[in-house]
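Taking it in order: structure first as structure tokens, then the write-up.
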Amino acid sequence: MKVNGTSETLNGPLSVAGLVESRGLNPARVAVELNGNIVPRAERATTMLKDSDTVEIVSFVQGG
Amino acid sequence: MSAEVHTEADTRVAGAAEPTPLTPAERAEAERLSGAYTAHNPVGSGAYATVEDTPLVLGGHEFTSRFILGSGRYDLNLIKATIENAGTQIVTMALRRAQTNENSVLDYIPQGITLLPNTSGARTAEEAVRIARLAREVCQTDFVKVEIKREEKYLLPDNAETIKATEILANEGFVVMPYMFPDPLAAHDLEEAGAAAVMPLGAMIGSNKGVRMRDFIEVIIANAHVPVIVDAGIGRPSQACEAMEIGADAVMAYTAVASAGNIPLMARAFRDAIDAGRAAYLSGLGAVVEGHAVPSSPTTGYLR
């Protein structure tokens, strides 16, 4: 699985919500894209990840 | 010793501009506009000139502030004071890969501020659309500042890609505010594509050079049906004031404030300059006269 450009190994079942939590991120402050499609907040807990997945987790930073 | 009284009717240079009194219609308009603009009055008579401005309208949302502020590059703890001193109601931010345990800029922005995510990092319309959709997912806002750059040295906005992205995002219900190179034809195309405003650059991003593209921004302002917001290159309050004097609807600044010695104070200075420029624009500036002077005192009754 690729998360934010880095390869990671899945150790057991993991949902998108679980991934966000495991990285210490505030779920209210991020958006998640799974294989190019946004995972809506309401579907994060039920969307399970696969080894072939590419995930992007993004948040806001200071900028102009 | 006797002083000769000069009584020539007119010693002014032919063609000089002469102040003309207001027509009744103009006077009525000036009176209609008076009322809301207040400032410190050193004599406290309450007779200070006032002007009632119309709001800045972006995608149906009304704003009284005409100062859009970048959210940082400085200590997160300064953001609140900077926003308050700027009097701003719209703050921009960027979207990046989330870093674990990073403080979120969103936690430092006061309630009630409209968030304006930008699409920085996008090199194509497609990338900008992707970023805009993700930004909407993070903060549930429809506002987006589209910026698309395909080279790193001059950081110029790619107008063609920006027009494409604007059309796609406007059709998806976004309030699209495209950052653009000040090409008046592109500004027209952006409007047609559904932009809620156009944001021509004053000079290259971060250059602090001011409204170098003034002639073309003036053409854009003269023809725009959406707000024109001068973005990028504004390095000091006087330049922000200049942009407002020529009729820009708002100014966006970031580097100039973020790199100041006292950031909240610079935010305040920009706010005052933008207010001053707006008031000057609403007042109507005097005509520029080339090649000769225009006397400012009576040209009759000289003691000569």
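First to last, the protein sequences are chains A and P.
In terms of this note's numbering, the first sequence opens at residue 369 and continues consecutively.
In terms of this note's numbering, the second sequence opens at residue 161 and continues consecutively.
Every residue, glycine too, gets a C-beta built ideally from N, C-alpha and C.
Quick caveat, the model's predicted, so the values are computed rather than measured.
Taking its Cβ as the centre, do 16 or more other Cβ atoms sit within 10 Å of Leu218 (chain P), making it buried, or is it exposed? Taking the second sequence and counting its residues from 1, one reaches residue 218 (chain P) at position 58. It is buried - the Cβ of Leu218 (chain P) has at least 16 other Cβ atoms within 10 Å.
Compare the C-alpha of Glu411 (chain A) against each of A:Ser383, A:Gly392 and A:Val426 and name the closest. One-based indexing of the first sequence puts residue 411 (chain A) at position 43. Per the Cα distances, A:Ser383.
So, does the stretch 239–253 of chain P touch the stretch 273–280 of chain P, judging by three or more C-beta pairs under 8 Å? yes
So Leu393 (chain A) contacts chain P; which residues on that side make the cut at Cβ distance below 7 Å? Translated into positions along the first sequence, residue 393 (chain A) becomes position 25. The answer, in chain order, is Ala258 and Thr260.
Closest Cβ-Cβ distance between Val429 (chain A) and chain P: below 8 Å? For the purposes of this step, residue 429 (chain A) is taken as the residue at position 61 of the first sequence. Yes, contact with chain P.
Chain P residues whose Cβ lies nearer than 9 Å to that of Asn403 (chain A): Along the first sequence, read from residue 1 onward, the residue named residue 403 (chain A) stands at position 35. Going along chain P, no residue has its Cβ under 9 Å from Asn403 (chain A), so there is no contact; the nearest lies around 13 Å.
Ignoring anything shorter than 3 residues, give me the beta strand (DSSP E) runs that lie fully in the stretch 219–278 of chain P, in order along the chain. 221–223, 227–230, 250–257 and 274–277
Would you say Met253 (chain P) faces chain A, with C-beta separation under 8 Å as the test? Position 93 of the second sequence, counted from the first residue, corresponds to residue 253 (chain P). Yes, its Cβ sits closer than 8 Å to a Cβ of chain A.
Would DSSP call Thr374 (chain A) helix, strand or coil? For the purposes of this step, residue 374 (chain A) is taken as residue 6 along the first sequence, with counting starting at 1. Correct three-state label for Thr374 (chain A): strand.
Looking at C-beta atoms only, is the number of pairs between the stretch 414–428 of chain A and the stretch 371–385 of chain A that lie closer than 8 Å three or more? yes
Do the stretch 375–383 of chain P and the stretch 419–426 of chain P touch if we need at least three Cβ pairs shorter than 8 Å? no
Ala258 (chain P) vs Leu402 (chain A) beta-carbon contact at 8 Å: Taking the first residue of the second sequence as 1, we reach residue 258 (chain P) at position 98. Taking the first residue of the first sequence as 1, we reach residue 402 (chain A) at position 34. No; because the gap between Cβ atoms is not below 8 Å, this pair is not in contact.
State yes or no: is the beta carbon of Tyr441 (chain P) nearer than 8 Å to at least one beta carbon in chain A? For the purposes of this step, residue 441 (chain P) is identified with residue 281 of the second sequence, where counting begins at 1. Tyr441 (chain P) does not count as touching chain A.
Hey, how far is the Cα of Phe430 (chain P) from the Cα of Gln399 (chain P)? As a working note, residue 430 (chain P) is residue 270 in the second sequence. As a working note, residue 399 (chain P) is residue 239 in the second sequence. Those two C-alpha atoms are separated by around 9 Å.
For Pro360 (chain P), decide whether its Cβ has a neighbour in chain A, counting only Cβ atoms nearer than 8 Å. The sequence position of residue 360 (chain P) within the second sequence is 200, counting from 1. No, because no Cβ of chain A sits closer than 8 Å to the Cβ of Pro360 (chain P).
For a test of the three-state rule: what should DSSP assign to Ala169 (chain P), helix, strand or coil? Taking the second sequence and counting its residues from 1, one reaches residue 169 (chain P) at position 9. Note on Ala169 (chain P): pLDDT 41, under 50, position unreliable in the model; the coordinate value appears next. In the three-state reduction of the DSSP assignment, Ala169 (chain P) falls in the coil class.
Any idea if Lys313 (chain P) is buried or exposed, counting beta-carbon neighbours within 10 angstroms, 16 or more meaning buried? Position 153 of the second sequence, counting from 1, holds the residue named residue 313 (chain P). Counting the other CB atoms within 10 Å of its CB gives Lys313 (chain P) a total below 16, which places it among the exposed residues.
Check Ile389 (chain P) in the structure and name its three-state DSSP category. What you label residue 389 (chain P) is simply residue 229 of the second sequence in a count that begins at 1. Correct three-state label for Ile389 (chain P): strand.
What are the boundary residues of the beta strand (DSSP E) that Lys305 (chain P) is part of? Stepping through the second sequence from its first residue, residue 305 (chain P) is reached at position 145. Residues Phe303 to Val306.
If we count the other Cβ atoms within 10 Å of its Cβ and call it buried at 16 or more, is Asn319 (chain P) buried or exposed? In the second sequence, the residue the question calls residue 319 (chain P) occupies position 159. Counting Cβ neighbours within 10 Å, Asn319 (chain P) comes out buried, since at least 16 surround it.
Taking the DSSP output, what are the residues bridged to Ser427 (chain A)? Taking the first sequence and counting its residues from 1, one reaches residue 427 (chain A) at position 59. DSSP output for Ser427 (chain A) lists A:Val398 and P:Arg256 as bridge partner(s).
By how many angstroms is the C-alpha of Val388 (chain A) removed from the C-alpha of Val371 (chain A)? Residue numbering aside, residue 371 (chain A) sits at position 3 when the first sequence is read from its first letter. Residue numbering aside, residue 388 (chain A) sits at position 20 when the first sequence is read from its first letter. Between Val371 (chain A) and Val388 (chain A), the C-alpha separation is close to 10 Å.
Would a C-beta distance cut-off of 8 Å place Ala355 (chain P) and Ala330 (chain P) closer than the cut-off? One-based indexing of the second sequence puts residue 355 (chain P) at position 195. One-based indexing of the second sequence puts residue 330 (chain P) at position 170. By the CB criterion at 8 Å, Ala355 (chain P) and Ala330 (chain P) fall inside the cutoff.
Whole-angstrom Cβ separation of Cys474 (chain P) and Ala453 (chain P), contact assumed at under 8 Å? Outside the displayed range of chain P (161 to 464) lies residue 474 (chain P), so it cannot be described from this structure.
Among the candidates P:Arg293, P:Ile323, P:Ala246 and P:Pro184, whose CA atom is the shortest distance from the CA of Val411 (chain P)? Within the second sequence, the letter at position 251 stands for residue 411 (chain P). Taking only the C-alpha atoms, the option nearest Val411 (chain P) is P:Ala246.
Using a threshold of 8 Å, state whether the C-beta atoms of Val423 (chain A) and Val398 (chain A) are closer than that. Residue numbering aside, residue 423 (chain A) sits at position 55 when the first sequence is read from its first letter. Residue numbering aside, residue 398 (chain A) sits at position 30 when the first sequence is read from its first letter. No, Cβ-Cβ distance for Val423 (chain A) and Val398 (chain A) is not below 8 Å.
Tell me the DSSP secondary structure of Ser383 (chain A) in three-state form. Residue 383 (chain A) sits at position 15 when you count from the first residue of the first sequence. Reduced to three states, the DSSP call for Ser383 (chain A) is strand.
Residue of P:Lys240, P:Leu255, P:Ala288 and P:Gly232 minimising C-alpha distance to Gln271 (chain P): As a working note, residue 271 (chain P) is residue 111 in the second sequence. Ranking the options by Cα distance to Gln271 (chain P), first place goes to P:Lys240.
From P:Met359, P:Glu332 and P:Arg283, pick the residue whose C-alpha is nearest to that of Ile308 (chain P); which is it? Translated into positions along the second sequence, residue 308 (chain P) becomes position 148. The shortest Cα separation from Ile308 (chain P) among P:Met359, P:Glu332 and P:Arg283 belongs to P:Arg283.
Contact under 8 Å by Cβ, Arg438 (chain P) with Arg226 (chain P): Your numbering for residue 438 (chain P) matches position 278 in the second sequence. Your numbering for residue 226 (chain P) matches position 66 in the second sequence. If you check the CB distance, Arg438 (chain P) and Arg226 (chain P) come in under 8 Å.
Within 8 Å of any Cβ in chain A, is that where the Cβ of Glu297 (chain P) sits? Here residue 297 (chain P) is taken as the residue at index 137 of the second sequence, counted from 1. Output row for Glu297 (chain P): interface = yes.
Taking Cβ positions, are Ala416 (chain P) and Tyr234 (chain P) nearer each other than 8 Å? In the second sequence, residue 416 (chain P) corresponds to position 256, counting from 1. In the second sequence, residue 234 (chain P) corresponds to position 74, counting from 1. Contact: no.
Give every residue of the same chain whose Cβ lies closer than 8 Å to the Cβ of Asn237 (chain P), excluding the five residues on either side of it in the sequence, and list them in chain order. Position 77 of the second sequence holds residue 237 (chain P). Excluding positions up to five away in sequence, the list reads Tyr268.
Cβ distance (whole Å) where Pro497 (chain P) is taken to contact Val390 (chain P) below 8 Å: In the structure as shown, chain P starts at 161 and stops at 464, and residue 497 (chain P) therefore has no counterpart that could be examined.
Quick one: residues in its chain with C-beta nearer than 7 Å to the C-beta of Ile394 (chain P), no 5 flanking neighbours on either side, listed in chain order? What you label residue 394 (chain P) is simply residue 234 of the second sequence in a count that begins at 1. Same-chain partners within the cutoff: Gly362, Gly370, Ala400, Ala403, Val411, Ala413 and Ala416.
Rounded to whole angstroms, what's the CA-CA distance from Arg293 (chain P) to Glu378 (chain P)? Just pull it up for me. Position 133 of the second sequence, counting from 1, holds the residue named residue 293 (chain P). Position 218 of the second sequence, counting from 1, holds the residue named residue 378 (chain P). Roughly 33 Å between the two C-alpha positions.
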